[in-house]
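Same order as they appear, the protein sequences are chains A and B. All you need for the numbering used here is the position in the first sequence, starting with 1, plus 2. All you need for the numbering used here is the position in the second sequence, starting with 1, plus 86. For glycine and all other residues, C-beta sits at the position ideal for the given N, C-alpha and C. All values reported here derive from a predicted model rather than from experimental measurement. Below is one structure, written out as structure tokens; comments come after it.
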Amino acid sequence: MFEILIKTLKTGTVTTKYPQKPDIAPLGFRGKPELIPEKCNFCGECVKACPAGVIWIDEENGEKRFTLSCCGCIFCGMCEEVCPCGAIKLTQEYELASKTKDDLLTIIRRKV
Amino acid sequence: MSEELIETIKKEFRSDILDEKVSNNEHYFTVNNNAAVHICDYLYHTLNFPLILIFAADERAKEIAKDGCFKIHYVFSCKSDLFIIIKIKVEEKSPGFPTLTHKIPAANWYEREIQDMFGLVPVGHPDPRRLIHFEDWPAGLFPLRKDFDIRTKPPRVKGEYIYRRVEGEGVYEIPVGPVHAGVIEPGHFRFSVAGEPILNLEIRHFYTHKGVEKLFESMSIDKAVFLAERISGDNSVAHSVAFCQAVEKIAGVDIPPRAKYIRTIILELERIYNHFGDIAGIATDVAYPFGAAHANKLKEQVMHLNEKVTGSRLLRGMNAIGGVRRDIGDKKEMILKELDSLQKNFRELMELLLSSPSVADRIETTGRISNEIAKGLHVVGPAGRASGIGGDTRRDHPYAGYPELEFKVPVRKAGDVNARTLVRADEVYESITLIQQALSRLPQGDIRTDVDQIPDGYALGYTEAPRGETLYWVHILNGRIERCKVRDPSFCNWLAIEYAVLDNIVPDFPIINKSLSLSYSGNDM
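Put into structure tokens, the structure is as follows:
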């Protein structure tokens, strides 16, 4: 009993104040993939590489549309690895809960 | 040694061997169907080689094999890093094959799985009920046959599943599940009890069959690594490494030494956090929340470390065909420092846990699995090693950095919850020394080799996951996956729980279950 008390006192509090105090993921964390639209050249390498199939390119109203959905993303970082322009990066962002699937889409458009 | 062994087998069964093929450490013998049982029995009982896997493949298409038959493979793990694979052909028009379950109990589920997925019938099987398909699955539909379209939505039909029954005065049945309290996966447990002691337990699983093996066949090889990684969430490194090693073996690629060591380090980190989690679970189930809190704290510490080292708490996204995707050399000091703290705290925790009479009272002699049962069912991993089975893939079929590193394989004989807890605790210390060794000897150089063309061929990939031996048999044809058979350790170990609970009381079931650390997801793909 005494040993348990000592161990407990020695250990102290281990829980954190999250979410009141933000808990920032370490560098190199595989979080939300982010697009840098001006760097993207619509080559489609990431579309081919994505194992979850959550990146696609289509056309709408004479515009090329690039869509990345975090809904189904497995954060493997293949898109980042294959992108020749450095237009896609995994970030430290992990708080991705949302009320609609549309909130999880990142879309960029470009005139054909 | 290996040559002698092969000669002995060839001499013994000369007239029954139709064909033989050697690739790497795998020796394939195609044999006469009616001799298969006899040969397997000889390998198992006379030569004492465990049967580690049985699987089928649909090779009816002409481009795969000229004979147009299904193949069934019986894989035996032999000494000197050799696998002997006995292969039989089964024709579509006479889909029966002789059952092996009478001779080797471990064959039971494999044969029923083949029956459900391929429609090949193990003739004379003592329990020919369906295993994976439910009663509402139509007869004559076999998902792993090549002519079964993955998009098929079969109609539901009426059917009945008959449970084994224990009858007598005062015997009651307690059905538990498939939906359980807490966020765990589904499985049905049917206890027959007389008062508190359990007379019989029948488990029924496969409620969430996902068709993973079929899915592999439609995926490109590099993407399939991520599928392998997700088969059993907390054993993701073991699964992805096993898959990558199978493909690398087919490609004839030797990955860079640095990549091998990095794989070893993350495999051992995975073992440590799993074992901490299991010890926490056991402490919870024996109502020792102090121990559970501390073990969970240690587990969380390892997961934090995983995140810092690999970017993922579950160590995902690290493996690729040809090596690893991230170098972790610069994290060496941080890992070593963290391991020191973990080791010290874990030692203190285990001393307190094991000196507590209330814990000892619940875990000693509880849930015993005799050596005979464990051997018969081919119980693997810490559960097998706690019942006196000394097998460990890292030593018996060395891979990654293990051949160059020193470690002990802890084995105990009691076969109870206590022994399983102690084996895990000892393994944690071994894992820590393995990581320390691997980091201190981390070779310089690349972390990945380019693998462009993968030739046709098949090979076994294997790892020792925290739960035990994990196997992949991959067949590549024209650059795509023709067949990928996955065998998670839990597929072997689930049946052991039916024996472990006998003569125990119902309240001890959760502890026994936890101590076996069984995966639903890995078992039911």
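Per-residue contacts from residue i into chain A (C-beta, under 9 angstroms)
i: B/F376; result: I6, K9 and T10
Within chain B, partners of residue i - CB distance below 9 angstroms
i: A/F68; result: Ordered by position in chain B, no residue passes the 9 angstroms Cβ test against A/F68, which lies about 20 angstroms from the chain.
i: A/G88; result: Simply none; closest approach about 17 angstroms.
Enclosing alpha helix (DSSP H) for residue i [first to last residue]
i: B/T519; result: V503 to S526
i: B/K571; result: Where B/K571 is concerned, there is no enclosing alpha helix (DSSP H), although the beta strand (DSSP E) it sits in stretches over R566 to R573.
i: B/H561; result: Element bounds for B/H561: not the alpha helix (DSSP H) but the beta strand (DSSP E), G554 to L563.
i: B/S29; result: Any answer about residue 29 of chain B is impossible in this case: the structure gives chain B only from 87 up to 611.
i: B/K173; result: Not the alpha helix (DSSP H): B/K173 falls in the beta strand (DSSP E), residues L168 to V176.
i: B/P468; result: G467 to R471
i: B/V207; result: Looking at the DSSP string, B/V207 is not in any alpha helix (DSSP H); the run it does join, the beta strand (DSSP E), is V207 to V209.
Interface partners of residue i on chain A, CB under 7 angstroms
i: B/Y268; result: In the sequence as presented, Tyr is not what sits at residue 268 of chain B; that position holds Gly. None at all; the shortest Cβ gap to chain A is about 21 angstroms.
i: B/S398; result: R32
i: B/K309; result: P53
i: B/I434; result: The question names Ile, yet the displayed sequence has Glu at residue 434 of chain B. The contacting residues are K9.
i: B/L438; result: E5, I6 and K9
i: B/F312; result: P53, I76 and C78
i: B/G254; result: Residues of chain A passing the Cβ test: none, with the nearest at roughly 46 angstroms.
Range covered by the beta strand (DSSP E) that runs through residue i
i: B/K385; result: It is not in any beta strand (DSSP E) - B/K385 instead sits in the alpha helix (DSSP H) that spans P375 to T396.
i: A/S71; result: E65 to S71
i: B/F204; result: No beta strand (DSSP E) contains B/F204, which is instead part of the alpha helix (DSSP H) from N194 to F204.
i: A/F4; result: No beta strand (DSSP E) holds A/F4; the alpha helix (DSSP H) holding it covers F4 to T13.
i: A/R111; result: L107 to K113
i: B/V262; result: V257 to V262
i: B/T116; result: E112 to V117
i: B/Q549; result: Residue identity check: residue 549 of chain B is Thr in the sequence provided, not Gln. B/T549 -> beta strand (DSSP E) spans G543 to A551.
i: B/A143; result: L137 to D144
i: B/H219; result: Neither: B/H219 is in no beta strand (DSSP E) and is coded neither H nor E.
i: B/V108; result: I103 to S109
i: B/P184; result: G182 to P184
i: B/A337; result: Here B/A337 belongs to no beta strand (DSSP E); instead the alpha helix (DSSP H) covers S322 to A337.
Straight-line gap, residue i to residue j (C-alpha atoms, nearest Å)
i: B/A472; j: B/V495; result: 11 angstroms
i: B/R411; j: B/T535; result: 10 angstroms
i: B/N286; j: B/E259; result: 9 angstroms
i: A/G46; j: A/T93; result: 21 angstroms
i: B/A328; j: B/L439; result: 34 angstroms
i: B/G263; j: B/N599; result: 14 angstroms
i: B/V592; j: B/R316; result: 33 angstroms
i: B/L206; j: B/E149; result: 21 angstroms
i: B/D371; j: B/F595; result: 9 angstroms
i: A/K66; j: A/V114; result: 6 angstroms
i: A/E62; j: A/F77; result: 27 angstroms
i: B/G409; j: B/W559; result: 19 angstroms
i: B/V445; j: B/V503; result: 11 angstroms
i: B/E490; j: A/T13; result: 37 angstroms
i: A/T17; j: B/M420; result: 21 angstroms
i: B/P342; j: B/N111; result: 20 angstroms
i: A/E83; j: B/P541; result: 25 angstroms
i: A/D25; j: B/L425; result: 23 angstroms
i: B/T549; j: B/I583; result: 23 angstroms
i: B/S398; j: A/R32; result: 6 angstroms
i: B/H295; j: B/M611; result: 5 angstroms
C-beta contact flag for residue i and residue j at 8 angstroms
i: B/F220; j: B/L227; result: no
i: B/I567; j: B/I284; result: no
i: B/A267; j: B/G453; result: no
i: B/L139; j: B/V161; result: yes
i: B/G477; j: B/G487; result: no
i: B/V257; j: B/A280; result: yes
i: B/I174; j: B/H113; result: no
i: B/G554; j: B/N579; result: yes
i: B/R569; j: B/L557; result: no
Partners in chain A for residue i, counting only beta-carbon separations shorter than 8 angstroms
i: B/F169; result: By Cβ distance, chain A contributes nothing, its closest Cβ being about 30 angstroms from B/F169, past 8 angstroms.
i: B/K383; result: T13 and V16
i: B/F275; result: The contacting residues do not exist; B/F275 stays about 32 angstroms from chain A at best.
i: B/G487; result: Those within 8 angstroms of B/G487 in chain A number zero; the least Cβ separation is about 22 angstroms.
Whole-number beta carbon distance between residue j and residue i, since they are thought to touch under 8 angstroms
i: B/F183; j: B/V176; result: 5 angstroms
i: B/R344; j: B/P484; result: B/R344 to B/P484, Cβ: 17 angstroms. No contact.
i: B/Y347; j: B/A551; result: The pair is not a contact, with the Cβ atoms about 19 angstroms apart (cut-off 8 angstroms).
i: B/G273; j: B/Y293; result: 7 angstroms
i: B/E354; j: B/L520; result: 5 angstroms
i: B/I158; j: B/I103; result: Incorrect: roughly 16 angstroms between the Cβ atoms, too far for contact.
i: A/K41; j: A/C87; result: 5 angstroms
i: B/P212; j: B/H188; result: 7 angstroms
Chain B residues whose Cβ lies nearer than 7 angstroms to that of residue i
i: A/P28; result: E393 and K394
Cβ-heavy atom distance, residue i to the ligand PLP, below 7 angstroms
i: B/P261; result: Within the structure as shown, the ligand PLP is missing, as the structure has no ligands at all.
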